[in-house]
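Sequence order for the protein chains is U and C. Its first residue numbered 1, the first sequence is counted upward by one per residue in the UniProt record's numbering. Its first residue numbered 1, the second sequence is counted upward by one per residue in the UniProt record's numbering.
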Amino acid sequence: MALKTGASFVKLNAFRRAARLLSTRTRPETAQNGGGKIAKFPGARAPYVSEMKFFNETSYEPIPIYRVMDNNGQIIDKNEEPNLDKATLINMYKTMVQLSHMDKILYESQRQGRISFYMTNYGEEGIHIGSASALSPKDLVFSQYREVGVFLYRGMTVTELVNQCYGNCEDPGKGRQMPVHYGSKHHNMVTISSPLGTQMPQAVGAAYAYKRVPNNDRCVICYFGDGAASEGDAHAAFNFAATLDCPVIMLCRNNGYAISTPTSEQYRGDGIASRGPALGLHTLRVDGTDTLAVHNAVKRARDFTVANNKPVLIEAMAYRVGHHSTSDDSSAYRSVEEIQKWTKDESPLQKFKLYLEHKGYWDAETEKAWSKEARDTVVRTMQEAEKKKKPNWKEMLEDVYYEMPPRLQKQMKQMEEHLKKYPEHYPLNQHESD
Amino acid sequence: MALKSSPAVLGMLTRLSRRSFATSKALASKPVTVRDALNQAIDEEMERDEKVFVLGEEVAQYDGAYKVTRGLWKKYGDKRVIDTPITEAGFAGIAVGAAFAGLKPICEFMTFNFSMQAIDHIINSAAKTFYMSAGTVPVPIVFRGPNGAASGVAAQHSQCFGAWYSHCPGLKVLMPYSAEDAKGLLKAAIRDPDPVVMLEDEIMYGIPFPMSDEAQSKDFVLPIGKAKVEREGRHITLVCAGRGTDTALKAAEQLAGSKGIECEVVNLRTIRPMDFDTIARSIAKTHHLITVEQGWPQSGIGAEICARVMESPSFFELDAPVWRVCGADVPMPYARTLEAHAVPGPADVVDAVTSVLGNKISAVQAQ
């Protein structure tokens, strides 16, 4: 344990040195001829200058992107290769493949009218699995809606996820939410909520609650997209995380699009990472298509937040290969060539698979076998999910309040009596009964 | 009860006597302002449960914009009383997140007008999460602050949100009138596992009320969802809440004196879940009903009460239609004389009562 921390401390120092080197080159030049005197305003302790110079988004070099592998899955710097054992690496890759098969089949099932809605995760599997593999199962996860891989890696089964999409009687969400809005108290994953960005200050609040516990060893991670980062809640979350010293990792999946809005219209600054230091957050930009880089980043971030009760902002760069959702046709606002380029050149699955093959852990045979098994799992699960009944109608009235209020109890009783009298008019056999 | 815990009671009484207006040394019925009652409630609940904490703008060092949290930061420190930057959406979201993770936040809005900037978190995050999470994520949060008209603060500082919040399933909405209401309801709200919106009144903060011995106990909790009959009467029922209760009681005094009309004043205390049974029992007695509220008429609390009367056997108990006394259907004007006309006063209630009892609804409408 001591050795591990020692090693990571050395790595941290090496990174700090590199960051400092970069930062001297990126600090804008100003003539320090105000005498170099440091002002002591309560709002800012900065030097006086007598040369007026405006700063804008071009005054600083863009924050560099950390990566471990090149496009062929080769490690660039051996020191950065994480020491993950074979079983973990294979599990990570298998989960990514399972996710992509699930996405493909569930997307099709929406097109066939079997489920009402679906969102795919193509291109971001590396972010999901890279981050999930670096966290402790006790860490609390707030997600947006494009983090299904995190759910899978944490142990939610394809069955549970498919049941939620179908809203059947085995849906852990009791048929209350639209597809993709998963949640699991058991796996420490907060139920997904539709309004964008609201999970961000909530995550900070939860981290605040954790930090109050003595000997706290849990952090909170909050996923959000490049578009959600424009919400007012995002600014508030960053600001509070810093001012209240909360052990939270804010992880931005910058995939280039918010439905049809490209990042060139979403913001004018240097992405989301540039906002971090401005608000007092420890910040890193990472290649989201490089699973190992994301893993390293989140691991380092986690150790930092838990040890220091300070927040970290990670911006994972990626490309949203799929449509925003089944309600979107992205060919309306981007070219097929663009999508193909990113799918071919920067596929997280491809890179990771090549890495595993270089290490001798994977080959064409295992690929074929697992692909088939992953696909079969989803197809079989869907067929079973379709046959299952819907939840008991009483679930409609439960959990509005902690204890069912008299008005709802009355209504439930009335409905019960009504159903006893006129059962033949209602599709009771499609719903689970008491 | 008082004898068993006399050191505690005496300690509390000495604290009370420093703050109350009365100089009498009598143990019973010590007058306590609504502000102090709220302060006591928060203090007692914070002492009782470590998970309870307060956050909001100016709640800590400044002792609260309306001094409701006076002395709490000094007693409990930074960890339990938190000053937040100015972002309602931000700190409401953080409070909800803290509630998700097991704490019990008391989130203060400087007035509920500003809660509109955080209303997404109140409704979509707090009210609906227990349901959407299939009963796995309770949200034991209290949103509190002054609501409704104050004095000369105009349109954006004077709106009543009783109708807005009581519209939503998943929330409990309280509107205290007296100091006892304030203390008992706030304690109940803090202990409640559901999200509660506590709509206080800035003008009432400074008004002292007698507080019984029972109400001064640390375990004094009022039941959420039970109305109180503040004044008994046999001619007409006045249903009200918050400052509306003050207005109704003043009107009842006038009517009893000048016209011999005995009004039964029902103080709702809780808007959601509404105690319709108490209203129904009162209507069965008086056969006439008026609702009194500060909010605007359309889709208001009075409208809800009327609908419930229509949908219940109480309809057949009425000898005349129900009449709602509400705020004028305009954004609150600034000039003092105009403001006085925009908010219902005792005279408006008196007019309404005499017209309803005289079956002359049109006379009231003409005003």
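Every residue, glycine too, gets a C-beta built ideally from N, C-alpha and C. Note that the coordinates shown come from a computational prediction; the quantities given were computed from them, not determined experimentally.
C-beta atoms of residue i and residue j nearer than 8 Å
i, j, result
"U/V190", "C/F100", "yes"
"C/A163", "C/I290", "no"
"residue 463 of chain U", "U/C222", "With chain U running from 1 to 434 in the structure shown, residue 463 of chain U is simply not present."
"C/N267", "C/Y177", "yes"
"C/E108", "C/A150", "no"
"U/A242", "U/G269", "no"
"U/I105", "U/M412", "no"
"U/S143", "U/Q199", "yes"
"U/Y182", "U/Q202", "no"
"U/K341", "U/E170", "no"
"C/G242", "C/L199", "yes"
"U/H431", "U/W393", "yes"
"C/T278", "C/A227", "yes"
"C/C326", "C/P346", "no"
"U/G73", "U/K390", "no"
"C/K172", "C/I224", "yes"
"residue 422 of chain C", "U/G205", "Residue 422 of chain C lies beyond the range of chain C shown here (1 to 367); nothing can be said about it."
Same chain only: Cβ atoms within 7 Å of residue i, ignoring 5 sequence neighbours per side
i, result
"C/Q117", "E88, A89"
"U/D328", "I259"
"U/A228", "Q144, L196, G197, A234"
"C/H157", "T111, N113, A150"
"C/K67", "R35"
Whole-angstrom C-beta distance between residue j and residue i, which should lie under 8 Å
i, j, result
"U/Y66", "U/L284", "6 Å"
"C/F143", "U/D399", "Not quite, the Cβ-Cβ distance comes to about 20 Å (not below 8 Å), so this is no contact."
"C/I207", "C/V34", "6 Å"
"U/R154", "U/N121", "About 15 Å; that fails the 8 Å criterion."
"U/F352", "U/M96", "7 Å"
"U/A273", "U/G225", "14 Å between Cβ atoms; not a contact."
"C/P195", "C/A126", "4 Å"
"U/R302", "U/C219", "5 Å"
"C/V292", "C/P344", "6 Å"
"C/A37", "C/M211", "7 Å"
"U/V148", "U/L161", "7 Å"
"U/K86", "U/Y426", "Incorrect: roughly 55 Å between the Cβ atoms, too far for contact."
"C/P31", "C/F209", "6 Å"
"C/Q159", "C/N113", "6 Å"
"U/L89", "U/L356", "6 Å"
"U/N255", "U/R334", "Actually they do not touch by this definition, with Cβ atoms about 12 Å apart."
Neighbourhood of residue i by C-beta, 6 Å cutoff - its chain only, sequence neighbours within 5 removed
i, result
"U/S8", "With a pLDDT of only 43 at U/S8, under 50, the local geometry of the prediction cannot be trusted, and no value is derived from it."
"U/R375", "H101"
"U/P179", "I115, F117, Y118, C165"
"U/A207", "V220, C246, P247, V248"
"C/S282", "T237, E264, V266"
"C/A284", "E317"
"C/I106", "V54, V142"
"C/K218", "E44"
"U/F240", "V204"
Cβ-based neighbour list, residue i, same chain, cut-off 8 Å, excluding 5 preceding and 5 following
i, result
"C/S312", "F276, A280"
"C/K187", "A41, E44, E45, F220, V221, L222"
"U/P82", "V68, L292, H295, N296, K299"
"C/V350", "A251, Q254, L255"
"U/A364", "none"
"U/D217", "S136, K138, V306"
"U/H358", "G73, Q74"
"C/R234", "E262, E264, K285, T286"
"U/M156", "Y182, S184, H187, M189"
"U/K94", "W370, A374"
"U/S433", "N392"
Test: residue i CB closer than 8 Å to a CB of chain B
i, result
"C/H121", "Checking the listed chains, one finds no chain B in this structure; the protein chains it contains are U and C."
heavy atom of the ligand COA below 7 Å from residue i C-beta
i, result
"U/M250", "Among the components modelled here there is no ligand, and therefore nothing to report on the ligand COA."
Secondary structure, beta strand (DSSP E): runs of 3+ residues fully inside the stretch 177-245 of chain U: Assignment of beta strand (DSSP E) within the stretch 177-245 of chain U, counting only whole runs of 3 or more residues, yields 220-225 in chain order.
Between the stretch 307-320 of chain U and the stretch 285-295 of chain U, do three or more beta carbon pairs fall short of 8 Å? Yes, the stretch 307-320 of chain U is in contact with the stretch 285-295 of chain U.
For the stretch 134-150 of chain C against the stretch 260-275 of chain C, do three or more pairs of beta-carbon atoms, one drawn from each stretch, fall closer than 8 Å, so that the two count as touching? Verdict: no, contact absent.
Secondary structure, beta strand (DSSP E): runs of 3+ residues fully inside the stretch 112-154 of chain C: 142-146
For the 8 Å Cβ check, are there 3 or more pairs between the stretch 74-87 of chain C and the stretch 45-58 of chain C? yes
Runs of alpha helix (DSSP H) lying entirely within the stretch 183-225 of chain C, each at least 4 residues, in chain order: 202-205
4-residue-minimum alpha helix (DSSP H) runs that sit fully inside the stretch 231-295 of chain C, ordered along the chain: 243-259, 276-286
Quick one: complete beta strand (DSSP E) runs, 3+ long, within the stretch 62-115 of chain C? Runs of the beta strand (DSSP E) inside the stretch 62-115 of chain C: 81-83, 104-108.
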